[in-house]
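Residue numbers (my numbering): 762 to 1012.
We treat Cβ as the ideally placed atom computed from N, Cα and C, and that holds for glycine.
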Ligand SMILES: [Zn+2]
């Protein structure tokens, strides 16, 4: 379950991502047999039964079975990262069905967040992989403009890739940050998870700029970037719950 919107009536509208695509269903307050709406929590892996009269109707959820809880995702130091991956998967599947892989990567990423000691690294690595699945990975092996192997020391967000000094354009990036980005974007996941990038605030900034340009601005990512840069926004919007509610209401 990647998005949850609690209505004033007490009903819950759930956005679910499965191997078969993304769809939405509503659970009526007090109408889930044997269950409570607590099973419909964000990021839970659930099996649902539903009823839908027409294809374009909102499905009515009639049963929800919890397959596996990922208890650490509700911890305040992990929750914002889970929200980034879920919101990104949601944004990447607005009008397209990207197939089973997005579901598999998101599920794998959430399980990784649940058990890995470095949820920030898991999120950076999986976010770039999700973008890659959607065909949106930046070019990192060669200069975007001249095709040379570099040294690649600038990142062109709009153009979508690393560029060399001779071609110019984009924003300057140190050599080590550039190779870290190459690893995050194109590296093998298990290797990436063993070699955390040194300049984390920079990588959050690159990811947030890239996603905002090529997908859309994600509230959860903006928050995480601000925290990584040491300037968390004040007020209730900084909490996970508030960002979840906000994510749910924006559609
Ligand atoms: Zn070049």
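Any idea what DSSP makes of residue i, helix, strand or coil?
| i | result |
| --- | --- |
| residue 955 | coil |
| residue 809 | strand |
| residue 994 | coil |
| residue 884 | helix |
| residue 933 | strand |
| residue 901 | coil |
| residue 894 | helix |
Which residue wins for smallest C-alpha separation from residue i, given the options the options?
| i | options | result |
| --- | --- | --- |
| residue 806 | 831, 849 and 952 | 831 |
| residue 879 | 802, 970 and 955 | 955 |
| residue 835 | 851, 852 and 803 | 803 |
| residue 904 | 787, 930, 816 and 890 | 930 |
| residue 847 | 937, 874 and 942 | 874 |
| residue 891 | 860, 839, 787 and 811 | 860 |
| residue 967 | 857, 917 and 814 | 917 |
| residue 857 | 778, 933, 821 and 871 | 778 |
When you compare only the Cα positions, how much space is there between residue i and residue j?
| i | j | result |
| --- | --- | --- |
| residue 935 | residue 994 | 28 Å |
| residue 868 | residue 984 | 22 Å |
| residue 824 | residue 809 | 5 Å |
| residue 895 | residue 975 | 11 Å |
| residue 902 | residue 781 | 33 Å |
| residue 989 | residue 914 | 23 Å |
| residue 842 | residue 849 | 11 Å |
| residue 972 | residue 877 | 24 Å |
| residue 969 | residue 889 | 11 Å |
Below 6 Å CB to CB, which residues in the same chain sit around residue i once its five sequence neighbours on both sides are set aside?
| i | result |
| --- | --- |
| residue 921 | 899 |
| residue 776 | 763, 764 and 785 |
| residue 845 | 884, 981, 982 and 985 |
Could you tell me the boundaries of the beta strand (DSSP E) in which residue i lies?
| i | result |
| --- | --- |
| residue 851 | Counting along the chain, residue 851 falls outside any beta strand (DSSP E), though it belongs to the alpha helix (DSSP H) covering 840 to 853. |
Looking only at its chain, what residues have a beta carbon closer than 7 Å to the beta carbon of residue i, apart from the 5 residues adjacent to it on each side?
| i | result |
| --- | --- |
| residue 961 | 881 and 989 |
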